[in-house]
Every structure is written in C-alpha cells, then in structure tokens.
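If you use this note's numbering, the sequence shown corresponds to residues 33 to 225, in order.
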Amino acid sequence: MTAIYTFDVFSSLDGFASYDNADWGPYWGKQGPEFLDRRLASYDEKQRMVFGGSTFRLMMEMVGVSKVPTEALDPVNARMRSMPTTVVSSTLEGPFDWPDATAVSGNAVDTIARLKEESDVPLRSHGSLSLNRALMAAGLVDHVQVTVFPVIAGQTGVEPIFQGAADFDLELLESRTLDGRTQELIYRPTLHT
C-alpha cells in the first residue's frame with residue numbers, strides 16, 4: 033500500500049508562507065488554544081516528516097537539539113522534532129542537530145515515490161515549498177493542508193507558496209475554523225489538464 037503524503041503549509045490570506053522584517057511573531061501572532069491543540073493533534077499519529085534542505089536548515093537553526101533543549105521546546109515543535117525525518121537534499125549530510133533525521137540525495141521525485149512505496153506510516157512535509165511544488169506536479173502529493181492565518185502580508189510577505197506551480201483542481205476534504213479566525217483547509221490536488 034502506498035503511504036499518504038501531506039504537504040502541510042502555513043499561509044497568510046494573500047498566499048505567503050513567511051514574512052520578513054516584521055513584528056508579527058510566530059504564526060503571525062495569531063495562534064490560539066484551538067490552533068495549538070490542533071497542531072499538536074496533527075502529530076499524534078505515527079508518521080514520517082519530510083523536509084527539503086533549505087527548510088530543514090531553518091528548522092535546525094530554530095529548534096535544533098543544540099539550540100533548544102527538549103524540555104524548553106513548545107509541545108508542537110517537540111513532537112515534530114521527535115518524529116523520524118527524511119531530508120531530501122543534495123547538499124546536506126548527517127549527522128544532524130535533530131534526533132532521527134536521515135539525508136537522502138538524488139532526484140526528489142524518485143526519492144519520494146520510493147519512500148511512499150516503502151513507508152508503513154503516512155508522510156508529512158511542513159513547508160519545503162519548492163520540493164512540494166515538484167512533488168505536486170509529479171502527482172505524489174495526496175493532501176494539501178493549508179492553514180490560513182487572518183493576515184495580509186502584502187508589504188512583508190516572502191515565499192509565495194504556489195508561485196511557479198502547475199495548475200491544479202482541488203477537492204475540499206476537510207475544513208475547520210480555529211479560534212474563530214484561522215482556517216485549516218485540506219484538499220486533494222489533481223493536476224489540471
């Protein structure tokens with residue numbers, strides 16, 4: 033059986049994955065208890081994290097073992113960091129400042145296709161925009177989970193999530209409102225032909 037692959041990404045309403053030189057704070061400063069509980073629950077199920085090299089470097093810099101001891105981590109990042117992790121990168125080599133991370137080099141599409149066939153747990157990739165755009169174009173992404181925060185980052189937004197992506201039809205599988213303001217949307221993408 034092929035493992036389910038979820039591309040999980042945070043977004044401003046105008047489609048940016050992050051911001052630069054702004055004082056928003058984590059989660060654009062809009063996290064609430066329902067959002068944090070939902071994020072923690074999304075890591076309850078056994079699964080394998082998948083990161084591209086750039087996102088993984090950033091994650092190690094922010095919450096690597098030598099940067100933040102486990103007891104000082106927030107519960108969401110502590111749970112994510114404890115999961116087995118595959119890093120798809122031609123430039124990174126272990127060992128890593130991450131408990132259970134393995135680097136895999138080579139063609140990302142071939143690597144993830146093989147991992148989907150071999151994995152006995154679902155796969156989840158948080159961020160890693162260019163990696164996931166390529167995987168979507170290859171038909172390897174089963175779910176796109178977008179958490180839309182109630183902000184427009186027109187002046188400070190960086191990393192447009194789907195810039196340069198192929199065209200896709202989206203089937204809405206789930207939607208929920210968290211803390212009365214943040215939307216979580218889960219879609220099944222199909223390449224638009």
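Ideal Cβ placement from N, Cα and C applies to all residues, glycine included.
Helix, strand or coil, according to DSSP, for residue i in the structure here?
i	result
E103	helix
R80	strand
P192	strand
I144	helix
E125	coil
T38	strand
S157	strand
V95	helix
V173	coil
S114	helix
L45	coil
P58	helix
T87	helix
Ignore the nearest five residues each way along the sequence and tell me which others in residue i's own chain have a CB closer than 6 Å to its CB.
i	result
T222	D201
D211	G64, E66, F67
S160	F83, G84, T87
A35	K148, S151, P154, L155
L51	The question names Leu, but residue 51 in the sequence shown is Tyr. Cβ within range, chain order: A185, T188, G189.
I144	L167, L172
S137	S122
What residues in its chain sit with their C-beta under 8 Å from that of residue i, if we drop five residues either side in the sequence?
i	result
W130	F88, M91, M92, G96, V97, R113, T117
Measuring alpha carbon to alpha carbon, tell me which of the options ends up nearest residue i.
i	options	result
N53	V190, Q79, L161	V190
Q80	T179, M168, D106, L147	Sequence inspection shows Arg at residue 80; the Gln mentioned does not correspond to that position. Among T179, M168, D106, L147, the Cα nearest to that of R80 is on L147.
Q177	H158, V183, P192	H158
N109	G196, G186, P58	P58
K99	D46, E203, F128	F128
S43	R70, A104, R220, Q215	Q215
N164	N139, V183, G126, T209	N139
R71	A133, P107, L45, S207	P107
What are the start and end residues of the beta strand (DSSP E) that includes residue i?
i	result
S50	48–51
R70	No beta strand (DSSP E) contains R70, which is instead part of the alpha helix (DSSP H) from 65–74.
R213	Per DSSP, R213 belongs to no beta strand (DSSP E) and is neither H nor E.
A185	Unbroken run through A185: none, as it is neither H nor E.
A135	133–136
Residue i CB to nearest chain D CB: under 7 Å?
i	result
G84	Given the protein chain composition of this structure (a single chain), no chain D is represented.
Give every residue of the same chain whose Cβ lies closer than 7 Å to the Cβ of residue i, excluding the five residues on either side of it in the sequence, and list them in chain order.
i	result
K78	V153
R213	K62, P182
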